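Inspection log for the structure reproduced underneath, given as structure tokens.
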Amino acid sequence: FEILLANEDISKPDSKSRYAFAELQFQQGHYSEASLNYEQVAHHAALDKTMAHDALYGALYSVEKQLEVKDDVVEVERQKMLASEYVTNYANGEHITQIRYKLGFIAYKQNDYDLALASLLPLTKKVKNPDIKLKSEDIVLDIYNIKKDFKAIQAFAKGILKDVTADARKNSLTKIIEEAHYSQIQVDSENLAPLKRIDQLRDFAREYASSKLGQDSAWQAISLAYSNGFEVLGAEMSLAFVKQYPQDKRRLDAIKEATKAFIDAGQIKQAIPTLRELAQSEPQQAFKHFELSCDLLRINNQLPEARGCYKGLFEKADKSKRTDLLAKMMRSFNNAKNSVELESIQNQILKDNIEPYATTILIDQAKAFLAQNKYTEAFNLSLKINNRPVDADARAEARLIQSAVLEKEFVAQSVKARENKFAMVLSLKTEKLDKAFTAYSSTIKMSKSDKVQLQALQGIDRLYTHFIEALSNMPVPISLTPEEQKTLRSELVKLTVPFNQKRIDNLAQLRKLSQLSPSVSTSVNWNEMSTEKTVEPRLQFPSAKLLSSFVPNSLTVSQNGYSRLPATEKKCDGQSPTAASLGGCLQLKKYDDAEKLAFKLTATKENRAMGLYYLSVIADKKDETDKALWMVEKALALDPENSVMNYQKGKVLYSVEGINSALPFFEKVLDMKKSSPDLIVMNALKSFSDRDYITATEEFSRLSNEELYTYGMGILYVEAAAQKGETEQALKLASNFLNWKSDYVDMLIEQARVHEHFALNKDNAIVSYQKALAKSSDLEQKDWLKRKIEFLKTNKNNQITSHVSGI
């Protein structure tokens with residue numbers, strides 16, 4: 081063949097011989113040479129179309145066989161060239177489908193994906209060769225995957241799936257669609273806000289709920305919520321995840337995170353059942369989780385449920401734990417002091433002598449006796465308590481009760497005496513002072529509590545103040561000559577000098593614990609009040625019920641502090657968690673709406689502290705003090721220096737534990753922007769207490785007459801003006817106030833004091849005292865006023881310089 085073909089006429093090529101030679105070479109495995117001879121035949125001009133077709137296909141097929149023997153880049157390029165020629169010349173050729181696939185496959189292998197798709201996509205339609213259709217589909221899907229065109233994968237796979245009947249193929253395509261959808265979400269989420277990303281993942285998880293990828297998508301959405309500060313959303317999704325996938329190994333972690341998220345956000349109702357589910361999922365910690373659920377029931381004011389919860393745990397608890405549970409059960413009775421159930425629990429504690437709770441119960445009983453003016457019972461019970469074998473700190477409050485009883489005995493001891501009894505009465509008064517002072521002093525040594533120590537120091541201050549007043553006002557025997565009376569009065573004044581210094585030293589200690597501490601008794605002993613003196617007003621705090629909640633006009637603090645939302649702002653939009661809307665709901669007493677808005681704030685970290693603050697205010701307004709305190713403490717844990725939160729904690733503590741517990745928190749708010757009457761009063765009292773009368777008058781001037789009267793600050797306002805030397809201004813203030821409220825007896829007495837002590841005008845003082853006498857309904861006060869008026873009329877020409885020290 082080689083000799084024959086070497087001498088052929090080029091113008092008349094021997095196509096048949098060359099074709100036969102190509103077939104022989106193919107049979108002998110010389111595929112490369114065969115392909116070249118087939119290709120020459122295919123290009124002979126006079127050749128019939130059938131033989132040309134077969135020759136071209138033979139050339140292409142021979143190249144494929146050669147490539148099977150040895151991969152060669154040159155041969156691949158010939159294969160591409162021959163295949164392209166076949167497609168161009170024989171679009172309807174017998175092997176057109178295979179050739180198109182081959183051309184697309186080569187392009188795919190050479191990473192020419194656009195060319196590959198152009199060749200293969202037509203083959204994925206209805207063709208006679210299902211094998212080529214299937215292979216083409218798989219390559220197209222792979223190309224889209226390489227190009228990360230996940231939308232194209234989904235669309236293409238869904239199109240194929242419509243005509244697929246084989247289960248295996250269906251499952252395979254469904255999985256591809258699912259994975260492409262998931263991958264597309266990851267791509268899209270790079271430029272989306274976190275909540276949008278979470279929504280996409282949740283939608284995917286719902287669509288593919290039964291698949292592993294759907295399960296992982298749900299978990300990814302949870303993780304994304306937590307990591308972006310949407311803890312409550314994360315908690316809600318966690319519970320749904322646990323319910324849908326109860327066997328997932330991440331179940332316990334999901335419940336733990338959900339529990340923490342609900343508690344951190346103040347979502348007590350959601351936290352309680354979550355804790356119980358956590359207890360079932362973590363049996364070794366079940367008791368702890370159940371106990372916390374009981375605590376939350378109590379905090380949420382679900383008191384009967386809380387007691388039932390504690391009782392259920394009590395039966396399973398060991399002895400050491402039962403004491404705590406009993407104490408918590410007692411707290412769950414709140415103000416139900418006469419409850420038979422509470423009494424039963426207390427009796428059990430006393431019977432078993434469970435400390436320190438037994439001592440605490442006895443102290444509460446002694447306090448009750450004191451409040452009921454049963455002084456003997458209070459003293460004797462406190463004496464028994466102080467003999468109990470518990471730490472001194474635990475017994476300190478009992479000693480404080482004894483001190484209070486001894487103080488009352490000291491105050492009650494009259495200093496009126498005839499000449500022959502004068503020294504004995506003075507000695508008795510001094511002896512009772514010493515007993516009460518010793519009791520208060522020992523209380524300070526026994527207690528580690530600032531609160532108890534503060535009360536003891538306040539008691540000592542009252543002792544000194546009363547003793548100084550008593551000696552200064554002590555009636556001298558009328559049997560003495562005027563000169564002897566004058567000498568005796570001078571000696572009594574000398575006796576007060578060391579006690580004045582002691583009182584100053586004690587006040588210094590007291591101020592270390594509290595800058596705002598009220599010290600002097602708010603009452604006046606009219607029977608022992610000297611008519612030679614004027615009544616200096618007592619510094620006292622407004623009652624807890626008078627303090628209003630601070631409703632800010634912004635969720636964030638400005639450089640000047642918080643400002644109060646105007647009382648006229650009463651728009652309650654349940655969809656808008658703004659300061660204006662929350663405040664409006666509060667001022668309209670729409671507490672349920674306000675609570676929903678507050679929960680929207682606590683759902684994320686950004687405004688959680690303020691959301692918890694509002695929840696505290698809402699609970700406070702509903703008299704749920706445990707809940708109010710719990711919420712504001714969580715708020716302060718996030719923002720410890722926040723002014724309104726410190727004020728709120730002080731306000732709640734004031735109503736629960738008294739002013740001394742609240743004082744440390746009130747002191748922190750004195751630098752706030754004082755647009756609230758409550759805060760103005762606090763600062764004015766602080767200035768008045770420090771004898772800074774200039775600042776005090778400035779603060780008082782910001783209050784209306786009604787506010788001054790409501791908070792009991794009007795008299796202090798007048799006094800502060802007089803003390804800073806503005807007597808005329810003080811009298812003008814008193815007159816203006818009395819024009820507004822003419823029957824205010826205490827203001828009339830203060831007006832008289834200013835006339836008498838500062839203006840030195842006895843006539844005007846008498847007029848004011850007479851008006852007070854006409855308006856007064858207190859018999860002891862009326863008696864003193866009568867004596868006072870008579871004294872002034874009798875001693876009109878004498879200068880009056882003394883007054884009762886009250887601060």
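In case it helps, this note's numbering puts the sequence shown at residues 81 to 887.
From the three backbone atoms N, C-alpha and C, an ideal C-beta is built for every residue, glycine too.
Predicted, not measured: the structure shown is a model, and the values here were computed from it.
DSSP state of residue i mapped onto helix, strand, coil
{"i": "Ser638", "result": "strand"}
{"i": "Pro384", "result": "helix"}
{"i": "Met72", "result": "No answer is possible for residue 72: it lies beyond the span of the chain, which begins at 81 and ends at 887."}
{"i": "His123", "result": "coil"}
{"i": "Phe517", "result": "helix"}
{"i": "Ile176", "result": "helix"}
{"i": "Ile558", "result": "coil"}
{"i": "Arg542", "result": "helix"}
{"i": "Glu148", "result": "helix"}
{"i": "Gln452", "result": "coil"}
{"i": "His110", "result": "coil"}
{"i": "Lys582", "result": "helix"}
{"i": "Asn64", "result": "Coverage of the chain is limited to positions 81 through 887, which leaves residue 64 absent and any answer about it impossible."}
{"i": "Gln652", "result": "In the sequence on display, residue 652 carries Cys and not Gln. Cys652 falls in the coil class under three-state DSSP."}
{"i": "Tyr824", "result": "coil"}
{"i": "Leu783", "result": "coil"}
{"i": "Trp710", "result": "helix"}
Exposed unless 16 or more other CB atoms sit within 10 angstroms - verdict on residue i
{"i": "Asn726", "result": "buried"}
{"i": "Ser599", "result": "Since pLDDT at Ser599 reaches only 48, below the 50 mark, its modelled position is unreliable, and no value is offered."}
{"i": "Ser112", "result": "buried"}
{"i": "Leu478", "result": "The residue asked about is misnamed: residue 478 is Ala in this sequence, not Leu. Buried, because 16 or more other Cβ atoms sit within 10 Å of the Cβ of Ala478."}
{"i": "Asn819", "result": "exposed"}
{"i": "Asn117", "result": "buried"}
{"i": "Asn427", "result": "exposed"}
{"i": "Glu898", "result": "Any property of residue 898 remains undetermined from this structure, which presents the chain solely from 81 to 887."}
{"i": "Gln879", "result": "Only weak support is given to the placement of Gln879: the predicted model assigns it a pLDDT of 48, under 50, and the question is left unresolved by the model."}
{"i": "Lys496", "result": "exposed"}
{"i": "Gln803", "result": "buried"}
{"i": "Glu270", "result": "exposed"}
{"i": "Gln280", "result": "buried"}
{"i": "Ser769", "result": "buried"}
{"i": "Lys96", "result": "exposed"}
{"i": "Pro562", "result": "exposed"}
{"i": "Glu870", "result": "exposed"}
{"i": "Thr545", "result": "buried"}
{"i": "Leu197", "result": "buried"}
Option nearest residue i by Cα separation, candidates the options
{"i": "Ser529", "options": "Asn433, Asp471 and Ser848", "result": "Asp471"}
{"i": "Glu217", "options": "Ile233, Ser263 and Leu743", "result": "Ile233"}
{"i": "Thr648", "options": "Gln861, Thr636, Leu666 and Gln535", "result": "Leu666"}
{"i": "Ser400", "options": "Lys96, Lys92, Asp432 and Gln295", "result": "Asp432"}
{"i": "Arg180", "options": "Leu203, His837 and Arg158", "result": "Leu203"}
{"i": "Asp585", "options": "Ser629, Ile540 and Ser570", "result": "Ile540"}
{"i": "Lys454", "options": "Glu157, Ile434, Ile481 and Arg475", "result": "Ile481"}
{"i": "Ser629", "options": "Ser656, Leu543 and Asp700", "result": "Asp700"}
{"i": "Tyr671", "options": "Tyr520, Tyr694 and Cys389", "result": "Tyr694"}
{"i": "Ala260", "options": "Lys250, Gln280 and Asp229", "result": "Asp229"}
{"i": "Ile219", "options": "Thr518, Lys227, Asn841 and Phe185", "result": "Phe185"}
{"i": "Pro622", "options": "Leu796, Leu450, Thr684 and Arg468", "result": "Leu796"}
{"i": "Glu799", "options": "Ala366, Ala660, Thr775 and Leu406", "result": "Thr775"}
Residues bridged to residue i [DSSP beta-bridge criterion]
{"i": "Pro632", "result": "Arg644"}
Min CB distance residue i to chain C below 8 Å
{"i": "Gly794", "result": "The structure shown contains no chain C; it holds only a single protein chain."}
Near the ligand COA: residue i beta-carbon under 7 Å from a heavy atom
{"i": "Ala407", "result": "With respect to small molecules bound, the structure shown includes none, and the ligand COA cannot be examined in it."}
Q | Contact the stretch 779–786 vs the stretch 736–751: 3+ CB pairs below 8 Å | A | No, because fewer than three Cβ pairs between the stretch 779–786 and the stretch 736–751 fall closer than 8 Å, the two stretches do not touch.
Q. Taking one C-beta from the stretch 156–168 and one from the stretch 124–143 each time, how about it: are there three or more such pairs within less than 8 Å?
A. These segments touch.
Q) Is the stretch 613–623 in contact with the stretch 636–644, if contact means three or more CB pairs nearer than 8 Å? A) Verdict: no, contact absent.
(Q) Taking contact to mean 3 or more Cβ pairs, one atom from each stretch, closer than 8 Å, check whether the stretch 783–799 and the stretch 573–593 are in contact. (A) Between the stretch 783–799 and the stretch 573–593 there are fewer than three inter-stretch CB-CB distances shorter than 8 Å, so the stretches are not counted as touching.
**Q.** Three-pair Cβ contact test at 8 Å for the stretch 500–511 versus the stretch 454–471
**A.** The stretch 500–511 is not in contact with the stretch 454–471.
Q: May I ask you to verify whether the stretch 825–832 touches the stretch 843–858, counting CB pairs closer than 8 Å and requiring at least 3?
A: At 8 Å Cβ cutoff, the stretches touch.
**Q.** Contact between the stretch 732–746 and the stretch 439–448 (3+ Cβ pairs under 8 Å)
**A.** Too few Cβ pairs lie closer than 8 Å, so no.
(Q) Count Cβ pairs between the stretch 306–318 and the stretch 335–354 that sit closer than 8 Å; are there 3 or more? (A) Yes: the two stretches touch, three or more of their Cβ pairs being nearer than 8 Å.
Q: State whether the stretch 266–276 contacts the stretch 242–250, with contact taken as three or more CB pairs (one from each stretch) at a distance under 8 Å.
A: By the Cβ test, the stretch 266–276 is not in contact with the stretch 242–250, since fewer than three Cβ pairs between them sit closer than 8 Å.
Q: Evaluate the contact criterion for the stretch 323–330 versus the stretch 348–363: three or more CB pairs, one atom per stretch, below 8 Å.
A: No, the stretch 323–330 does not touch the stretch 348–363.
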